[in-house]
Structure formats: structure tokens, C-alpha cells
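Under full-length UniProt numbering, read the sequence shown as residues 1 to 330, first letter to last.
Yeah, the Cβ is synthetic: ideal placement off N, Cα and C, and Gly gets one too.
From a predicted model like this one, the values you see are computed outputs, not experimental measurements.
Contents: one structure, followed by commentary.
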Amino acid sequence: MEENKFLVLAQNRQFLPFFAEEEKEWQEPFVFIQAADTQFGMQEKYIEKKENYGWQQEIRWSRQMVEDVNTMFPRPKFLVVCGDLLDAWPHTEEEIRRQQEIDFKEVFAGLKVPLVCVCGNHDVGNTPTPATVNRYTSSFGDDYFSFWCGGVFFIVLNTQFYEDASQCPQLAEEQEAWLEEQLEVVKREKPQHAVVFQHIPLFLHHPDEDKEYFNMDLGLRQAMLDKFYDAGVRSIFCGHYHRNAGGFYKDLEVVVTSAVGAQLGESQQGYRVVKVQQDRLVHQYYPLGSAPTRIHFPNTKRALPVPSATPAWSSTTAFLATARKGALAL
Ligand SMILES: [Zn+2]
Numbered sequence: 001m002e003e004n005k006f007l008v009l010a011q012n013r014q015f016l017p018f019f020a021e022e023e024k025e026w027q028e029p030f031v032f033i034q035a036a037d038t039q040f041g042m043q044e045k046y047i048e049k050k051e052n053y054g055w056q057q058e059i060r061w062s063r064q065m066v067e068d069v070n071t072m073f074p075r076p077k078f079l080v081v082c083g084d085l086l087d088a089w090p091h092t093e094e095e096i097r098r099q100q101e102i103d104f105k106e107v108f109a110g111l112k113v114p115l116v117c118v119c120g121n122h123d124v125g126n127t128p129t130p131a132t133v134n135r136y137t138s139s140f141g142d143d144y145f146s147f148w149c150g151g152v153f154f155i156v157l158n159t160q161f162y163e164d165a166s167q168c169p170q171l172a173e174e175q176e177a178w179l180e181e182q183l184e185v186v187k188r189e190k191p192q193h194a195v196v197f198q199h200i201p202l203f204l205h206h207p208d209e210d211k212e213y214f215n216m217d218l219g220l221r222q223a224m225l226d227k228f229y230d231a232g233v234r235s236i237f238c239g240h241y242h243r244n245a246g247g248f249y250k251d252l253e254v255v256v257t258s259a260v261g262a263q264l265g266e267s268q269q270g271y272r273v274v275k276v277q278q279d280r281l282v283h284q285y286y287p288l289g290s291a292p293t294r295i296h297f298p299n300t301k302r303a304l305p306v307p308s309a310t311p312a313w314s315s316t317t318a319f320l321a322t323a324r325k326g327a328l329a330l
């Protein structure tokens, strides 16, 4: 039996499983899974206040999500974790983070769809530096990138550059210049949908709410909302809040998804099933173990694809060779 390996899939600002030119074209409705804050270690350290804390609970929760996703039909195109993959800080808890990373990779190596990693404040530090960003990218791949999947354009951002770029101004500038180019792509190519994944929400409920720990500064928020809106982005998926929330700016939806890990509100550990339909995205949050295994698309007369023996995404050996070369041996 082939050993499962964790693959680092985001490289050169691209996402390896989806690089084919055909991905630019809309074909049929599909599903992806959006999760956030697997955050190995937070439950015992922050919630239970244990001194010698572990992360067995997070391992169990993440494993349950992997099992859920692996049994879904039709198979989701990918699973995205919108930041705070691990809890331990990269600059002050290096050894603990190293151990959490080994366990995270072991759990997610069992996932049968591609994993899209988004970096959160715990992954690069509240004040990121070139060293902490580098540590993240060498473990999980690029901290920002974009990809086409089934006619939809996805943009993945490192929101920590917006929170505090004092120790890495150049990296923040590079992301901003890159983002401008991506928004030009949206304007020019007019994808079926343009979707952003990020850790920190622009807002939690209303676009004009006050700044607090879990959202973004008002001025920056307004500028980003306008920029995204004008380009044609209509969905932004986030995490960080450890509760479900969200709202609208015009018809642009900000979706805030609770954690796979520790909860700060009334939600249960879970993730969101997102149905990408031709005219809109429909999403619903499910506690772990409760999502349907068979996903139905309303308003679709087309027959569902027949399950195939070949993996849905590792289409070429060239791709696998590239991906494996980039995988970190841990
Ligand atoms: Zn966070």
C-alpha cells in the first residue's frame, strides 16, 4: 500500500493540482469544503489552561473532518483551511510548533482531495518577519497564491501583512502588487465567480462595525471591500473568529466560519460545505460528522458524475513529481 504523504501544493504563487488551462472554463457545479482554525494546541492551552498541554483533541477533530470529506460524493474539489493551522507561535514556541506540524501533516496526508493552506496570525506571528514567513512557506507552501478551478478564480491572501507589516514592509508591498495583478485577471477574464480566502475577516457582521480584535481596521476594510467589489469578487471566506458570522457589503458576501478546533461561541467544531453553482455559491456549516455524504445540487438537471477509480486531482505523473519534490520531509 502506498504511504500517504503530505504534499506542499502552493508554489510559485500557483496551486499545483489546478494549473491546467481547462480549469478556466466553467463546466458544471462543484463542491469545495471551507474550514478554519484547526489550531492544534489551542483547546488545552487556551481554553483548558493546562500547563503541559497537548493537542489530541484537535487531532481527533481534524481526523473526523478528513474522514467526512473523504466519504463525500461527488468528491469535493478541495478542502481549504483558512488559517491558524497550528496554535504554537513560530518565533517563541518553535519546538512545540515543530511537533504540532508533524501531527498536522500526518492527519492531512490522509485527505483524498487537495488541501489549500491559508496562513493565520498563529502561523506567521502577530508581527510577521521574513523569518517567520519563511518558516511557514517552507512547511506549507506559499503564503499567498491564486488558482483557477472549474471556471472559478480563487485568491488566497496572507492577512497578517494588513495587521502588522512593521517587520516585513517589503513582503507586504509585494503581496499588494501581486493582488492588484490578480484583480486585473478577474476584470479581464471574468471568471464564473471570483472568491477570496483569508484568515482575518474584513468584518464580522456589518461593513461599518467598529474595529476589534477579530476584524480589520475600518479604513483598510473599506478600501479592500471597494477594491474587491470593483474587480468582481463576490465571496470572501475567512476564519479567526472561532464562531460563525458574516454579512454583506452590497452583494459581496463575507463568510466567517467557526473552527475545526477550539470554539469561542456556541458553534460546534465543524466546517462549511460550499456548493458552487453557475449563478451563485450556496454554503452551509455542519458540525463534524453531520454533513451529508451525498451532496445534491438544486436547480441542476445534469446527472452526477460517476465515481472513478483514479484520483480526481493527481492527473499527471509530472504534477506528482513536482509536488513530491516540494514536499517537506518531516
Ligand atoms: Zn487567528
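Status (buried if at least 16 other CB within 10 Å, exposed otherwise) for residue i
i: serine 139; result: buried
i: lysine 45; result: buried
i: lysine 187; result: exposed
i: serine 290; result: exposed
i: glycine 265; result: exposed
i: serine 146; result: buried
i: lysine 77; result: buried
i: alanine 20; result: exposed
i: serine 258; result: buried
i: leucine 16; result: buried
i: leucine 220; result: exposed
i: aspartate 142; result: buried
i: glycine 110; result: exposed
i: arginine 75; result: buried
i: asparagine 121; result: buried
i: arginine 284; result: According to the sequence provided, residue 284 is glutamine. The question's arginine does not apply to it. Exposed, since its Cβ has fewer than 16 Cβ neighbours within 10 Å.
i: histidine 240; result: buried
i: glutamate 176; result: exposed
i: alanine 194; result: buried
i: arginine 60; result: exposed
Helix, strand or coil at residue i [DSSP, three-state]
i: lysine 105; result: helix
i: arginine 243; result: coil
i: alanine 309; result: Caution applies to alanine 309, whose pLDDT of 45 falls short of 50 and renders its modelled position unreliable; the value that the coordinates give is listed next. Alanine 309 falls in the coil class under three-state DSSP.
i: alanine 303; result: Residue confidence is low: alanine 303 scores 49 on pLDDT, short of 50, so the model does not pin down where it sits. No coordinate-derived value is stated.
i: phenylalanine 297; result: coil
i: asparagine 12; result: coil
i: tyrosine 285; result: strand
i: lysine 112; result: coil
i: glutamine 99; result: helix
i: leucine 330; result: Annotation note: pLDDT 33 at leucine 330 (below 50); position unreliable, coordinate value reported separately. Residue state, collapsed to three classes: coil.
i: alanine 194; result: strand
i: serine 315; result: Low per-residue confidence applies at serine 315: pLDDT is 37, beneath 50, and the placement is therefore not dependable enough to give any value.
i: serine 235; result: strand
i: valine 156; result: strand
i: glycine 270; result: strand
i: glutamate 180; result: helix
i: phenylalanine 140; result: helix
i: glutamate 22; result: helix
i: phenylalanine 161; result: helix
i: leucine 85; result: coil
i: serine 62; result: helix
i: phenylalanine 228; result: helix
i: alanine 131; result: helix
i: glutamate 67; result: helix
i: leucine 171; result: helix
i: glutamine 278; result: coil
i: glutamine 39; result: coil
i: isoleucine 33; result: strand
Any non-hydrogen atom of ligand 1 within 6 Å of residue i CB
i: glycine 120; result: yes
i: aspartate 84; result: yes
i: histidine 283; result: no
i: histidine 240; result: yes
Selection from the options that minimises the alpha carbon distance to residue i
i: lysine 24; options: Cys149, Phe237, Tyr285, Gln198; result: Cys149
i: phenylalanine 297; options: Tyr162, Val31, Leu9, Pro17; result: Val31
i: arginine 63; options: Glu95, Ser267, Lys250, Thr38; result: Thr38
i: alanine 294; options: Arg280, Val8, Val273; result: It should be noted that the sequence gives arginine, not alanine, for residue 294. The shortest C-alpha separation from arginine 294 is found at Val273.
i: valine 133; options: Asn158, Glu93, Glu212, Val113; result: Asn158
i: arginine 243; options: Pro130, Val260, Leu85, Gln277; result: Val260
i: glutamine 27; options: Leu202, Gln192, Leu220; result: Gln192
i: tyrosine 213; options: Gln222, Pro207, Phe203; result: Phe203
i: glutamine 198; options: Asn215, Glu67, Glu189; result: Asn215
i: glycine 41; options: Asp123, Asp87, Gln11; result: Asp87
i: residue 331; options: Cys168, Lys211, Phe153, Arg60; result: With the chain covering 1 to 330 only, the question about residue 331 has no answer from this structure.
i: arginine 98; options: Gly54, Leu79, Thr71; result: Gly54
i: residue 362; options: Ile200, Phe6, Arg60; result: There is no way to answer for residue 362, as the model of the chain reaches only from 1 to 330.
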